[in-house]
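Here the structure is laid out as structure tokens; the discussion comes afterwards.
Residue numbers (the numbering used here): 191 to 668.
Encoded structure:
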């Protein structure tokens, strides 16, 4: 029997803030006589908010009260109450994630928006959600293609590469339409740090408080546009591209079949007009950057497509694609759920194959390290799980996990294990017999997460057969 979940996506970006409500259908797609296979079978946006300018008190501080008012107003307009929302994500993106109060604002909004509406920040996840919201991920799956999505927003360009529907790489660059901002009389009121560095590199006369020439602004935008083309073409890393990397570039040069553009600047690329008579009408360089990218498009090696969502790609991704469900072979104590913001450490393939004592040592080192990084007592242990694990291997793995858990956590804190392979119930039953009586246990499978991710686990759905899962990052000030 199908179950419908209500989901919210809220995107607090450099330029704009927007919200969507979605309906997600979860159902068992397996035949009646087989092991259940519970999957998300349908996703539908049922309400879209207005697009608001992100409210700021200053260049460094978000106006939290105004932002909360926007969310409250849109919940009312969308005829949705926070307690009716089952899942979803609030993502803070671009330059806004670097504001002084970004983390506090995100936590406040997450609690206000619903019990299992998760808070997330960081360019990699933003790029992935945008690539899913734009349709690039689905296109790569449907056409067996390698597709790059470039989400060009106000503060950053988030890149995600998908191959046959699977994410294979991400990157982020300080390229966006709000890196330079203007007053009504076209004097500069704001220049980002990376924009200052690029201005200096190009030797341009663009300065805070001054009215720059249109020629200088076009040269500045041309430098960013050529970098966009370099990224798509997998060209040799130029000095400008290296300068504009936010936290990391693409990890390898990918031979792509198609490039998708999303984000607010993508709309400016699609509607580019060389005869534009009001280049700065939005108080920023977005239109100039869009035109520069459009003019440079002939230098790309690939066809450029526009996403089914452009300015709304990230928010639709947050509302429709942030939540997954676990496998059906799981073992959990329901009274522990929901859980939020659990840091995850994971054994790699070589570490998992080590002899028992060495494997325990690796688990201990990783769990102790993550606990030293912040005020957290809960840690999730990620295990890939070799294909064809027999009962003896599962029992040996359970013994190692139980011994490390007792040493590091004692019995006061739940033991949380996240598996890629589908033997969560078997491992959970073995662990249950080995850990102290009364210690909480959650062992879920069919989830792919990496070291440094955070995991949120929701209240069970589909008659308790699966739990909603959100894998996310929490990265501020990058």
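Beta carbons are placed, not taken as given, at the ideal position from N, Cα and C, and that holds for glycine.
Computed from a prediction, not measured in an experiment: that's the story for all the values here.
Measure the beta-carbon distance from residue 568 to residue 553 and round it to whole angstroms, keeping in mind my assumption that it falls under 8 Å.
Start at 1 with the first residue of the chain shown, and residue 568 comes out as number 378. Start at 1 with the first residue of the chain shown, and residue 553 comes out as number 363. The pair is not a contact, with the Cβ atoms about 15 Å apart (cut-off 8 Å).
Touching or not, the stretch 427 to 447 and the stretch 338 to 357, by the rule of three or more beta carbon pairs under 8 Å?
yes
Given residue 544 as reference, the closest of 560, 590, 521 once Cα atoms are compared
As a working note, residue 544 is residue 354 in the chain shown. For residue 544, the nearest C-alpha among the options comes from 590.
If I measure Cβ to Cβ from residue 256 and keep anything under 8 Å in the same chain, skipping five residues before and after, which residues do I get?
As a working mapping, residue 256 is identified with position 66 in the chain shown. Closer than 8 Å at Cβ, skipping near neighbours: 245.
Exposed or buried, residue 374, counting other C-beta atoms within 10 Å across all chains shown (16 or more means buried)?
On the chain shown, residue 374 is found 184 positions in, with the first residue counted as 1. Residue 374 comes out exposed.
For residue 211, count neighbouring C-beta atoms within 10 Å of its own C-beta (all shown protein chains included) and say buried if the count is 16 or more, exposed if not.
Along the chain shown, one-based indexing puts residue 211 at 21. Residue environment for residue 211: buried (at least 16 other C-beta atoms within 10 angstroms of its C-beta).
Exposure label - residue 464; buried when at least 16 CB within 10 Å:
Residue 464 sits at position 274 when you count from the first residue of the chain shown. So residue 464 counts as exposed.
Quickly, what does DSSP pair residue 633 with across the bridge? List them, please.
As a first step, residue 633 must be located in the chain shown, where it is residue number 443. Answer is 521, 607, bridged to residue 633.
If you draw a straight line from the C-alpha of residue 560 to the C-alpha of residue 243, how long is it?
As a position in the chain shown, residue 560 is number 370, starting the count at 1. As a position in the chain shown, residue 243 is number 53, starting the count at 1. Looking at the two C-alpha atoms, the distance is approximately 37 Å.
Give the secondary structure of residue 234 by DSSP, where H, G and I count as helix, E and B as strand, and everything else as coil.
Here residue 234 refers to the residue found at position 44 when the chain shown is read from its first residue. If DSSP states are grouped into helix, strand and coil, residue 234 belongs with the strands.
Could you check the C-alpha separation between residue 421 and residue 313 for me, to the nearest Å?
For this step, residue 421 is matched to residue 231 along the chain shown. For this step, residue 313 is matched to residue 123 along the chain shown. Roughly 16 Å separates the two Cα atoms.
Bounding residues of the beta strand (DSSP E) (the contiguous stretch that carries residue 372):
For the purposes of this step, residue 372 is taken as residue 182 along the chain shown, with counting starting at 1. That run of the beta strand (DSSP E) goes 370 to 372.
Would you list the residues sitting across from residue 194 in a DSSP beta bridge?
Sequence index remark: in the chain shown, residue 194 carries index 4 (1-based). 215, per the DSSP bridge assignment.
Can you name, in chain order, every residue of its own chain whose Cβ lies under 6 Å from the Cβ of residue 264, other than the five neighbours on each side?
Taking the chain shown and counting its residues from 1, one reaches residue 264 at position 74. For residue 264, where only same-chain residues beyond five positions count, the Cβ hits under 6 Å are 209, 239.
Collapsed DSSP secondary structure at residue 252 in the structure displayed:
For the purposes of this step, residue 252 is taken as the residue at position 62 of the chain shown. Per DSSP, reduced to three states, the secondary structure at residue 252 is strand.
Rounded C-alpha distance that separates residue 406 from residue 356:
Here residue 406 corresponds to residue number 216 of the chain shown, with the count starting at 1. Here residue 356 corresponds to residue number 166 of the chain shown, with the count starting at 1. Rounded to the nearest whole angstrom, the CA to CA distance from residue 406 to residue 356 is 41 Å.
For residue 288, does the count of other Cβ atoms within 10 angstroms reach 16, so buried, or fall short, so exposed?
Position 98 of the chain shown, counted from the start, is the residue given in the question as residue 288. Residue 288 should be labelled buried.
Under 8 Å: do the stretch 396 to 410 and the stretch 443 to 451 share three or more Cβ pairs, one atom per stretch?
Contact between the stretch 396 to 410 and the stretch 443 to 451 is absent, because fewer than three Cβ pairs lie under 8 Å.
Does the Cβ of residue 384 have 16 or more other Cβ atoms within 10 Å, making it buried, or fewer, making it exposed?
In the chain shown, residue 384 corresponds to position 194, counting from 1. With 16 or more other Cβ atoms within 10 Å, it is buried.
Please return the same chain residues whose Cβ sits closer than 6 Å to the Cβ of residue 522, not counting the five positions on each side in sequence.
Here residue 522 refers to the residue found at position 332 of the chain shown. Counting only Cβ-Cβ distances below 6 Å, and skipping sequence neighbours, we find 632.
Residue 581 classed as buried or exposed, judged by whether at least 16 other C-beta atoms fall within 10 angstroms:
Position 391 of the chain shown holds residue 581. Exposed is the call here.
Does the beta-carbon of residue 431 have 16 or more other beta-carbons within 10 angstroms, so that it is buried, or is it exposed?
Counting from 1 along the chain shown, the entry for residue 431 is found at position 241. With 16 or more Cβ atoms within 10 Å of its Cβ, residue 431 is classed as buried.
Please state the DSSP three-state secondary structure of residue 533.
As a working mapping, residue 533 is identified with position 343 in the chain shown. DSSP places residue 533 in strand when its eight states are reduced to three.
If I measure Cβ to Cβ from residue 629 and keep anything under 6 Å in the same chain, skipping five residues before and after, which residues do I get?
By one-based count along the chain shown, residue 629 stands at place 439. Here the set comprises 601.
How long is the line joining the alpha carbons of residue 323 and residue 333, rounded to whole angstroms?
Residue numbering aside, residue 323 sits at position 133 when the chain shown is read from its first letter. Residue numbering aside, residue 333 sits at position 143 when the chain shown is read from its first letter. If I take the Cα positions, the gap works out to 17 Å.
May I ask you to list the residues that DSSP assigns as paired with residue 452?
Counting from one through the chain shown, the residue named residue 452 turns up at place 262. DSSP lists 341 as partners of residue 452.
Given a threshold of 16 other Cβ atoms within 10 Å of its Cβ, counted over all protein chains shown, does residue 626 qualify as buried or as exposed?
For this step, residue 626 is matched to residue 436 along the chain shown. Exposed, since its Cβ has fewer than 16 Cβ neighbours within 10 Å.
Which one of 661, 379, 453 has the shortest CA to CA distance from residue 249?
Here residue 249 is taken as the residue at index 59 of the chain shown, counted from 1. Selected option, being the one with the closest Cα: 379.
Are the CB atoms of residue 196 and residue 274 nearer to each other than 7 Å?
Taking the first residue of the chain shown as 1, we reach residue 196 at position 6. Taking the first residue of the chain shown as 1, we reach residue 274 at position 84. Less than 7 Å separates the beta-carbon of residue 196 from that of residue 274.
Considering only the alpha carbon of each residue, which of 370, 531, 532 lies closest to residue 473?
Looking up residue 473 in the chain shown gives position 283. For the residues 370, 531, 532, the minimum Cα distance to residue 473 belongs to 370.
In terms of alpha-carbon separation, which member of 546, 547, 604 lies closest to residue 571?
The sequence position of residue 571 within the chain shown is 381, counting from 1. It is 604 whose Cα lies nearest to the Cα of residue 571.
Looking at chain B, is there any beta carbon in it that lies within less than 7 Å of the beta carbon of residue 269?
In the structure shown, chain B does not exist; there is a single protein chain.
Can the beta-carbon of residue 180 be found closer than 7 Å to that of residue 450?
Because the chain in this structure spans residues 191 to 668, residue 180 falls outside the shown range and cannot be described.
Out of 235, 584, 485, 551, state which residue places its alpha-carbon closest to the alpha-carbon of residue 594.
Along the chain shown, read from residue 1 onward, the residue named residue 594 stands at position 404. Per the Cα distances, 551.
Is residue 209 helix, strand or coil by DSSP?
For the purposes of this step, residue 209 is taken as the residue at position 19 of the chain shown. Residue state, collapsed to three classes: strand.
If I follow the unbroken alpha helix (DSSP H) through residue 594, where does it start and stop?
In the chain shown, residue 594 corresponds to position 404, counting from 1. Where residue 594 is concerned, the enclosing alpha helix (DSSP H) stretches over 581 to 598.
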